[in-house]
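Peer 1: My structure is below; once you've seen it, I'll send some questions.
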Amino acid sequence: MKRQDKAEKPRKTFGLSLNRELMLEIQHLALDQDRYVNEILEEAARDLLKKYAEKRK
């Protein structure tokens, strides 16, 4: 398991329900990229927030 970086912000556990096919695609992407699913989802959330922040400008 990956060691948590000391500079990393504290985490909060959050449960959600996703479309099964979407989750399977994300899991396959994580395996292909040799990354954790959580990392992929955090990247997607950051990209989405950035997208909407740019629209407000």
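With full-length UniProt numbering, the residue at position 21 of the sequence shown is 21, and numbering never jumps.
Every residue gets a Cβ at the ideal spot worked out from N, C-alpha and C, and that includes glycine.
Since this is a predicted model, take the numbers as computed values, not measurements.
Along the chain, which unbroken stretches of the alpha helix (DSSP H) at least 4 residues long are found entirely within the segment 24 to 48?
Peer 2: List check, alpha helix (DSSP H) in window: nothing returned.
Peer 1: What three-state label does DSSP hand Leu22 in the structure shown?
Peer 2: The answer is helix: DSSP assigns Leu22 an H, G or I state.
Peer 1: Nearest-angstrom Cα distance between Leu48 and Asp34?
Peer 2: Near 22 Å, if we compare the C-alpha coordinates of Asp34 and Leu48.
Peer 1: Within the same chain, show all residues whose beta-carbon is closer than 7 Å to that of Gln27, passing over the 5 residues directly before and after it, in chain order.
Peer 2: Cβ within range, chain order: Val37.
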